[in-house]
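Protein chains in written order, with my numbering: chain A, 7 to 281; chain B, 7 to 281.
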């Protein structure tokens, strides 16, 4: 039996059904006291009210989504992106999130310059990391699946996330989020998880459906796909990671269409049978 | 100006419009004398007739598609896959293909064992390489995009293709096909192209559309997407590669719907402006 106290649900999993108060209430009602919060949902009800609600329901906030998106070439756009990150870092601090999830951003403005986009991410992190440190927030680099490289995240592998951490040389204000969906295919995964070690501050679970139909919104429930989740979990936990297992499922055709109480119920089942 | 004599078209690009005789005639009519041939199209007209037709139109066959798909766990299925590869190797020899494109195969039979599937590919290559060598055929390992890992190819990076080549220790009967679509996102691409060096026996071009809608059949025409094709071509050619640039576009929503003569005409334009 896995420890239920270490189950968290990213509220993206029920984003079409539930507001933040509904999600907090719905998860807690079934005994799930871990949640990852999205900024749009938090801002809907306001930061102070959101923080109060999370405390009231004794929720551990395993992540705040999202920071990053700092690949713009245009100066004004990049400056606005940095300001947005500053706001998110403050919010993450107020709600006590264990990390803010940093999604790099894709190629923008018709650019084909991946090397440049990656360099701009490192520049932005150089600016943001001291600000995160000042308020006790950890920025978790999340490499996304290479199929999202063009429009979502130029950071595509755990190896590169490790390289960035090496280059940035930060302390506890920098970490890595490992999501099985994004990384399962990587022939270097075991090696890079070992290399990441204590940098791993978040572990996301879900599944890759064999008949995946959409590049962003067709993730599967644990057990419904091809990922060896227990195998990857074992690798992550062998490094000493003892944190939450956070379920994050973007699913426009299936899980977003279901009764959210049923979604939570099935997550709890699969947490014991497929994780 | 790029040398037009080094332009090749993979007949998958016009597969919905043209049979092999139509493709050979249609490409040659516009001065394109490089083609990659698919087995289903060749078998439609028969091996002897296909070989005659290719010679008659003075076509250079830059690849024969496809070998591989050797990840089955079931003994009978694996044995049938090896026999299918043997047939394809013989056909590649008869039509004088510069290589047979080896697509590894995905996870099968409900397995989640990526490590095992990759090991079976190496075992199959151990069997097939001497047979390819005996008839003068080169097997070109083609790493496919990680989004095709589950159902098409467990070989997902150029780094792993290089590792396989290192392990197999073969000679000229083993090479690598570099396709910009599959590899453009890789942060290690420049390094791994350098490492591949003379192993590169095929170079495939096309583009990644920013709004890609399908995981297999939505490739773009060179210039319509985000890939820095000239940059990758320069890396490949800096290793000494002086072979064809083969256009391979699977496109159910666009290029397969068009007049194939127009497709060839636009390929010739983009070959000069976007490659």
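Just so it is clear, CB atoms sit at the ideal spot from N, CA and C, and this is done for glycine as well.
Computed from a predicted structure; not experimentally measured.
Think of a sphere of 7 angstroms around the beta carbon of residue 156 (chain B): the chain A residues whose beta carbon falls inside it are 214, 216, 232, in chain order. Looking at the DSSP output, residue 16 (chain B) sits in a beta bridge with B:42.
About 5 angstroms separates the beta carbon of residue 211 (chain A) from that of residue 251 (chain A), a gap short enough to meet the 8 angstroms contact definition. For the region 179 to 206 of chain A, the set of residues with a beta-carbon nearer than 8 angstroms to any beta-carbon of chain B comprises 190, 191, 192, 193, 194, in chain order. Chain-ordered listing is empty here: chain B has no CB closer than 9 angstroms to the CB of residue 19 (chain A), the nearest sitting near 21 angstroms. Taking 8 angstroms as the upper bound on Cβ-Cβ separation, chain B lies near no residue of the region 134 to 149 of chain A. For residue 121 (chain A), the enclosing alpha helix (DSSP H) starts and ends at 120 to 140.
Chain-ordered, the chain B residues with CB closer than 7 angstroms to the CB of residue 118 (chain A) read 232, 233, 234. For residue 113 (chain A), the closest Cβ of chain B is nearer than 7 angstroms. One alpha carbon belongs to residue 244 (chain A), the other to residue 38 (chain B), and they sit about 56 angstroms apart.
In the structure shown, the three-state DSSP call for residue 148 (chain A) is coil. For residue 166 (chain B), the residues of chain A that pass the 7 angstroms Cβ criterion are 193, in the order they occur in the chain. Cα atoms of residue 7 (chain A) and residue 128 (chain A): separation of roughly 40 angstroms, rounded to the nearest angstrom. A Cβ-Cβ distance of about 7 angstroms is found for the pair residue 70 (chain A) and residue 107 (chain A), placing them in contact under the 8 angstroms criterion. At a beta-carbon threshold of 9 angstroms, none of the residues of chain B lie near residue 131 (chain A); the nearest stands roughly 16 angstroms away. Between residue 33 (chain A) and residue 15 (chain A), the alpha-carbon positions lie close to 8 angstroms from each other. As far as DSSP is concerned, residue 256 (chain B) takes part in no beta bridge.
In this chain, residue 247 (chain A) is not harboured by any beta strand (DSSP E), its DSSP state being neither H nor E.
By the CB criterion at 7 angstroms, residue 249 (chain B) and residue 280 (chain B) fall outside the cutoff. Two segments are said to touch when three or more pairs of C-beta atoms, one from each, lie closer than 8 angstroms; by this definition the region 105 to 119 of chain A touches the region 151 to 159 of chain A.
Here DSSP, grouped into helix, strand and coil, assigns residue 206 (chain B) to strand. Neighbours of residue 162 (chain A) across chain B, judged by C-beta separation under 8 angstroms: 191, 192, 193.
Contact between residue 175 (chain A) and residue 204 (chain A) does not hold, since their C-beta atoms are separated by about 15 angstroms, which reaches or exceeds 8 angstroms.
Of all C-beta pairs linking the region 55 to 70 of chain A to the region 92 to 104 of chain A, three or more are shorter than 8 angstroms, placing the two stretches in contact.
The region 11 to 28 of chain B and the region 252 to 262 of chain B touch, with three or more beta-carbon pairs separated by less than 8 angstroms. Counting along the chain, residue 171 (chain B) sits inside the alpha helix (DSSP H) bounded by residues 164 to 174.
Under the rule that a run must span 3 or more residues, the beta strand (DSSP E) segments found entirely inside the region 44 to 121 of chain B read 66 to 74, 106 to 109.
Taking C-beta atoms as the reference points, residue 44 (chain B) and residue 266 (chain B) fail to come closer than 7 angstroms. Note on geometry: alpha-carbon atoms of residue 10 (chain A) and residue 277 (chain A) lie some 8 angstroms from one another. Using a Cβ distance threshold of 7 angstroms, residue 183 (chain B) and residue 208 (chain B) count as a contacting pair. For the set A:239, A:170, A:261, the Cα lying nearest the Cα of residue 199 (chain A) is the one of A:239.
About 19 angstroms separates the Cβ atoms of residue 88 (chain A) and residue 53 (chain A), ruling out a contact at the 8 angstroms cut-off. The criterion of a C-beta distance shorter than 7 angstroms is satisfied by residue 235 (chain A) and residue 186 (chain A). In the three-state scheme derived from DSSP, where H, G and I count as helix and E and B as strand, residue 185 (chain B) is classed as strand. The residues 45, 48, 53, 70, in chain order, have a CB closer than 7 angstroms to that of residue 97 (chain A) in the same chain once the five nearest residues on each side in sequence are set aside. Cα atoms of residue 260 (chain A) and residue 57 (chain B): separation of roughly 49 angstroms, rounded to the nearest angstrom.
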